[in-house]
Every structure is written in structure tokens, then in C-alpha cells.
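Some notes on the structure that comes next.
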Amino acid sequence: MTTIAQALKQKNKLKSEIAQLQKRLTTHNSVMQGNPRPFDLTETDAELVMRVNELIALKHALTVANQPMQEKIYRLAELKSLMAFYQKLPTKAGKMSEGYMNTAHEYEAFFNEADTQAKIKALETQAEQIQDELEAFNHLTHIK
């Protein structure tokens, strides 16, 4: 039986193979009349459809196997989203000269850089804990 961790690797491999097959079809579908095609595109297309169907089945099996951890998977994604938000949150404060006319402006930030870094650090700690739980689950849980 295959573990979730192994299935995730297989999923990435399938996605890569699909991308390669799509590139082959895109590159060689239209050629100058009379020029030979280096691949049998009927065969390439059939292989593409087969790989896509394998990916669909694998994703479904992963979804079923991941059900006990689905809330944690969603939580991890949202924690990562929050971290990205806080990393981009403007924290300018104090007097600054800006613009073409070098006009002085004074800024104040509700959350300063130290605040946002503390928030990010706390979120990272939560995310790491969930990631560890998911990795353990993925290595112990088998898919059908």
C-alpha cells in the first residue's frame, strides 16, 4: 500500500509528466507542411489523457485519506496566508521625504514592524506544529 507521503510525490511526478506532454503537443502540433514530427502526437495525446485520469484518481484517493486532517490542512493554508499578509503590511512611521518635490510627510503605523514580526513568529510556530502533525500523518496513513 502507498502512504500519503508517497502519493504526494507521485502526484508531483504526474503533474510534471502532464506538463511535459502538454509542451510536446504544443510544440509539435503545428509544423511546416512536409516537415516530419519527431513524436506520434496521437500517442502523446492518449498518454496525456491517461496521465490526467491517473492524476484525478490519485487526487481523489488523497482527498479521502486526508479527511481526518482536513481542518488542519485548511488551517495551515490560512496561517500561511496570514503570514504573507503581515509580511506585506506597511509599517512606515515617522517623518519621511517623498515624491518628486521631496515633500515631508509624517506617518504613523498602528502595527509597527516589531508587532508584525511578532505576529508572524507566532503564526510560524503554529504552522510548524501543524506541518509536523501532517507529515507524521502522511507517512503513517495509507491510501486506497
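Numbering (the working numbering), first residue to last: 1382 to 1525. Ideal Cβ placement from N, Cα and C applies to all residues, glycine included.
When the options are compared against residue i, the one with the closest alpha-carbon
i	options	result
residue 1460	1384, 1398 and 1504	1504
residue 1408	1414, 1420 and 1398	1420
residue 1495	1417, 1468 and 1463	1468
residue 1455	1515, 1414 and 1391	1515
residue 1432	1424, 1398 and 1441	1398
Endpoints, the beta strand (DSSP E) within which residue i is located
i	result
residue 1484	1484 to 1488
residue 1476	1475 to 1479
Contact belief for residue i with residue j at Cβ below 8 Å, rounded distance in angstroms
i	j	result
residue 1519	residue 1389	7 Å
First and last residue of the uninterrupted alpha helix (DSSP H) at residue i
i	result
residue 1397	1385 to 1409
residue 1453	1451 to 1469
Residues of its chain near residue i, where Cβ-Cβ distance is below 7 Å and the 5 sequence neighbours each way are ignored
i	result
residue 1489	1474
Residues of its chain near residue i, where Cβ-Cβ distance is below 8 Å and the 5 sequence neighbours each way are ignored
i	result
residue 1501	1464, 1467 and 1468
residue 1386	1516, 1519 and 1520
Beta-carbon proximity of residue i to residue j, cut-off 8 Å
i	j	result
residue 1429	residue 1402	yes
residue 1486	residue 1383	no
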